[in-house]
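Novice:
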Amino acid sequence: MVILFDRFNLPEDVYETIFATNQQKIVGKLLIEHIKDSDGEVTKTEMSMFATTLHEGNLIAEIDEPEYKGKKVKLSYNKRQFYDRILTPMKSMGLIDYDLYKKTYKLSDKFNKEMIRIGLMWLKELRRNPHEIKKK
9 MVILFDRFNL
19 PEDVYETIFA
29 TNQQKIVGKL
39 LIEHIKDSDG
49 EVTKTEMSMF
59 ATTLHEGNLI
69 AEIDEPEYKG
79 KKVKLSYNKR
89 QFYDRILTPM
99 KSMGLIDYDL
109 YKKTYKLSDK
119 FNKEMIRIGL
129 MWLKELRRNP
139 HEIKKK
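Taking the working numbering, the leading residue of the sequence shown gets 9, the next gets one more, and so forth.
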């Protein structure tokens, strides 16, 4: 996943930086809240049940969006798109870890570590001598 942002207009909400659409932001935030409610870890089956509940439109939640503030809203999101656009990118960016042995998903701090690593890569590039451009 590619994250493009304007450092002068960086949103307060990290989900707005990570996800391209408002709907993805809402679902991503709900997923993180669901995992937090389960002590930071959910099984593969629980994740599947969460995705199925969303897919069937049976998930009722309060969202932080101004137009829905204080109201319970029934949400739906396609199951395949949930895995393709929400869970898989969150795993690849290091927001969520999957333990192959325990078959559980848990929240991770690897995203922060990767952002620091990217910053260090940029500092290294800044200090590197320029390549000579050969002209014909």
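For each residue, glycine too, the CB sits at the ideal point set by N, CA and C.
Using DSSP with H/G/I as helix, E/B as strand and the rest coil, what is L18?
Specialist: coil
Novice: Quick one: using the 10 Å Cβ neighbour count with 16 as the cut-off for buried, is K33 buried or exposed?
Specialist: buried
Novice: Please report the straight-line C-alpha distance between Q31 and G48, rounded to a whole angstrom.
Specialist: 23 Å
Novice: In this structure, how does DSSP classify Y23 when only helix, strand and coil are distinguished?
Specialist: helix
Novice: Excluding sequence positions up to five away, which residues of its chain have a Cβ less than 7 Å from the Cβ of R93?
Specialist: Excluding residues up to 5 positions away in sequence, Q32 lie with their Cβ nearer than 7 Å to the Cβ of R93 in the same chain.
Novice: From the DSSP output, in three-state form, read off I104 for me.
Specialist: strand
Novice: So the alpha helix (DSSP H) A28 belongs to, where does it begin and stop?
Specialist: No alpha helix (DSSP H) contains A28, which DSSP labels as neither H nor E.
Novice: Can you list, in chain order, the residues of its chain whose CB lies under 6 Å from that of L103, leaving out five sequence neighbours each side?
Specialist: F119
Novice: Check whether the Cβ atoms of K152 and E64 sit closer than 9 Å, and answer yes or no.
Specialist: The requested residue 152 is not part of the displayed model; the chain covers only 9 to 144.
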